[in-house]
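A quick write-up on the structure given underneath.
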Ligand SMILES: [Zn+2]
C-alpha cells in the first residue's frame, strides 16, 4: 500500500515537473541572461531628446520611450518633446511606445475613450513614420482588470506597471510588467535593484524627465542619470527596450499561460 502511494506521488511529481518545463520552454524563446535591464522613459519630456538620447547612444544602451501629449502644457517645448523630436528618437533606434494620449488614469475612462486615446497615439506615430508599437505604460500606473482585458483585445504585448520589484517572465503577466521608478532620492534603492537582474529575472526601470521640469518629484538630474549609466556600463549590464524582451520571451504564450494579477 505504501509502495503504491509512493509510486503515485512520484508519478504526480514527475508529471508536474514535466508540465512546468513544457510551460517554461514555451514562455522563453531562449534563456534570459543575467544583468539584463530595461530602460523605459515616460511622458515625452523635452530632456528625453536633449539629454537622455545622446547619453544612451554614448553608452550603447537601448530604451523605450512611452509618449503622450501631457496636458495642459504639451505644446510648451521647454517641457515636452514635439513630434519631430519624438520621431528622431525612433530614427536613432529607440522604441517609441504608447502612454495614452492625455495621460489620464485609463481605469477611469470608458472602454471607447481608452481605445480612442491609444489609437490617437498610433495615428500620430504613423504620421511621422514611427512604427506602431503594441507596448503600453499605464499613466500613473492606474489599471484594473477591464483595462487589461481591453489591452488583450487590442493586441498589446507588454504593459508596464510600478511595484518596485523585479520582473519574472515565468510568473508576471506581460501586461503587468513590474518596474522600479528612478528619481533623485532613491539612488541606493535602484543600485540594489540592479543586483536582482539574475536567475531569469529582468530589472525594468521607469524614468521620467532628466530633469523633469514640470514634475520635480520624479525628476532625475543628468549627473545622477549618467552615474547610473556608468555603473551599468562598468559592471557589464545589457540595457534594452521593452520591445527587445520579445527576443527572449514568447509574449503570446506568457499571456495565455500566466493569470493576470492586477495588484496595487
Ligand atoms: Zn506618465
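In the numbering used here, the protein residues as written are 891 to 1154.
The C-beta atom is built at its ideal place from N, Cα and C for all residues, glycine as well.
Since the model is a prediction, treat every value here as computed from it, not as a measurement.
Query	Result
Distance between residue 1072 and residue 1080 (C-alpha atoms, nearest Å)	7 Å
Own chain partners of residue 1011 with C-beta closer than 6 Å, once the 5 adjacent residues on each side are dropped	988, 991
Buried or exposed (CB count within 10 angstroms, at least 16 for buried), residue 1109	buried
Residue 1133 - containing beta strand (DSSP E), residue span	Run containing residue 1133: none; DSSP gives neither H nor E here.
Residue closest to residue 1024, alpha-carbon to alpha-carbon, out of 1017, 1030, 1009, 1031	1009
Cβ-based burial, residue 1141 [other Cβ within 10 Å; buried from 16]	buried
Nonlocal neighbours in the same chain, by C-beta distance under 7 Å from residue 964, ignoring five residues either side	970
Proximity to residue 932 [Cα-Cα], best of 1153, 1099, 1041	1099
Whole-angstrom C-beta distance between residue 1131 and residue 985, which should lie under 8 Å	4 Å
Of the listed residues 1052, 1045, 961, nearest to residue 1030 (C-alpha basis)	1052
Any 3 or more C-beta pairs closer than 8 Å across the segment 1081 to 1092 and the segment 1044 to 1051	no
Closer than 6 Å: residue 1068 CB and nearest ligand 1 heavy atom	no
Through-space distance from residue 993 to residue 947, alpha-carbon basis	28 Å
Where residue 1035 falls: helix, strand or coil (DSSP)	helix
Contacting residues, own chain, Cβ-Cβ under 8 Å from residue 927 (five flanking each side not counted)	1084, 1087, 1092, 1093, 1094, 1095, 1122, 1127, 1128, 1129, 1130
beta-carbon residue 924 near ligand 1 non-hydrogen atom, thresh 6 Å	no
Start-to-end residues for the beta strand (DSSP E) that takes in residue 956	954 to 957
Backbone CA spacing between residue 1150 and residue 1040 [nearest angstrom]	13 Å
C-alpha distance - residue 997 paired with residue 1060, whole-angstrom precision	26 Å
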